[in-house]
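Engineer:
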Amino acid sequence: MKVETLPFEAACARAYGRIYAEVVTVGRKPRGPHALDLMIAATALAYVLPLYTLNAADLQGLDELIEIVDLG
């Protein structure tokens with residue numbers, strides 16, 4: 022199985038700002054152990070890709086911005 026990685030570049034950083042704001046709007050903390058999850062979500066937003074996860078609860082409130090596919 023081949024997995025292609027995507028760089029976290031300027032478009033991802035801008036998308037992270039949108040993700041961060043949305044998380045704050047829904048009353049969650051965007052810092053701490055879930056910060057990397059939010060960077061992954063920002064990458065999905067920037068590249069217009071669905072985000073596949075085993076724990077969709079960590080991304081609660083972001084479904085207006087990105088397609089979240091719960092594999093759990």
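So the mapping is simple: my numbering equals the position in the sequence shown, first residue as 1, plus 21.
Glycine residues also receive a C-beta, built at the ideal position from the N, C-alpha and C atoms.
Please read all numbers here as calculations on a predicted model, not as lab measurements.
By Cβ distance, which residues of its chain are closer than 7 Å to Ala62, with the 5 residues on each side in sequence left out?
Structural biologist: If we look at Ala62 and ignore the five residues flanking it on each side, its Cβ neighbours are Ile40, Leu72, Leu80, Leu83 and Ile87.
Engineer: Tell me whether Thr74 sits in a helix, a strand or coil according to DSSP, three-state version.
Structural biologist: Thr74 falls in the strand class under three-state DSSP.
Engineer: Indicate the three-state DSSP secondary structure (helix, strand or coil) for Ile87 in the structure shown.
Structural biologist: If DSSP states are grouped into helix, strand and coil, Ile87 belongs with coil.
Engineer: How would you label Leu92, buried or exposed, when you count the other beta carbons within 10 angstroms and need 16 or more for buried?
Structural biologist: Label assigned to Leu92: exposed.
Engineer: Who are the near neighbours of Met60 in its chain, counting only those whose CB is closer than 7 Å to its CB and skipping five residues on each side?
Structural biologist: Phe29 and Tyr37, listed in sequence order.
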